[in-house]
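Read the structure below first, then the notes.
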Amino acid sequence: MYSRNAKVYETLGDYRNAAEHYGRAAGARPAGTYARIVALDLVAGAEMQLKRGQIEQACTTWNRALDHMDGVRSVRTRKAVARMRGDLARFRARGVRCAAELDERAIDFLASA
Numbered sequence: 054m055y056s057r058n059a060k061v062y063e064t065l066g067d068y069r070n071a072a073e074h075y076g077r078a079a080g081a082r083p084a085g086t087y088a089r090i091v092a093l094d095l096v097a098g099a100e101m102q103l104k105r106g107q108i109e110q111a112c113t114t115w116n117r118a119l120d121h122m123d124g125v126r127s128v129r130t131r132k133a134v135a136r137m138r139g140d141l142a143r144f145r146a147r148g149v150r151c152a153a154e155l156d157e158r159a160i161d162f163l164a165s166a
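The sequence shown maps to residues 54 to 166 in the working numbering.
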């Protein structure tokens, strides 16, 4: 239900509430299960944080998403990581450290997937 609420908030342009509900959706799953779904909820939350200009928080959330993607192989996770790299490009170009470090992790993920 949290994920659906998040999508409604996102559609309404309320990125703060969308990010919060995506985070709740990820946290509501039982530990160790639904790794792909949890990762994708975290990715969506990070995207909302980025839309609010919160690059550091978005990087933290994307790192958590990548943690959940360990061992997960799916087209959706690969697309999410590729989209993340695109979203981070302007921050890498400005020398934002968390963006550069996260991009290295993303490259490793895509190479192993």
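Just so you know, even glycine gets a beta-carbon here, dropped at the ideal spot from N, CA and C.
Everything numeric in this text was worked out from a predicted model, so none of it was measured.
Three-state class that DSSP yields for residue i in the structure shown
i	result
D67	coil
N147	It should be noted that the sequence gives Arg, not Asn, for residue 147. Correct three-state label for R147: coil.
M137	helix
A81	coil
Expected contact under 8 Å - CB spacing of residue i and residue j to nearest Å
i	j	result
V156	R145	The amino acid occupying residue 156 in the given sequence is Asp; Val does not appear at that position. Indeed they touch by this definition, with Cβ atoms about 6 Å apart.
L93	R129	6 Å
A97	A59	7 Å
L95	R158	Wrong, their Cβ atoms sit about 14 Å apart, outside the cutoff.
S56	A72	That pair is no contact at about 12 Å.
Residue from the options with nearest C-alpha to residue i
i	options	result
R126	M54, S165, S56	S165
Q110	G76, Y62, R131	G76
R138	V61, L163, T64, V91	L163
T113	E154, E63, I90, Y62	E154
M122	Y62, M54, R89	R89
Should the stretch 92-110 be regarded as contacting the stretch 62-73, the criterion being three or more beta carbon pairs within less than 8 Å?
-> yes
Which whole runs of the alpha helix (DSSP H) in the stretch 83-131 are 4 residues long or more, in chain order?
-> 88-104, 108-122
Touching by the beta-carbon criterion (3+ pairs, under 8 Å), the stretch 77-85 and the stretch 103-112 = no
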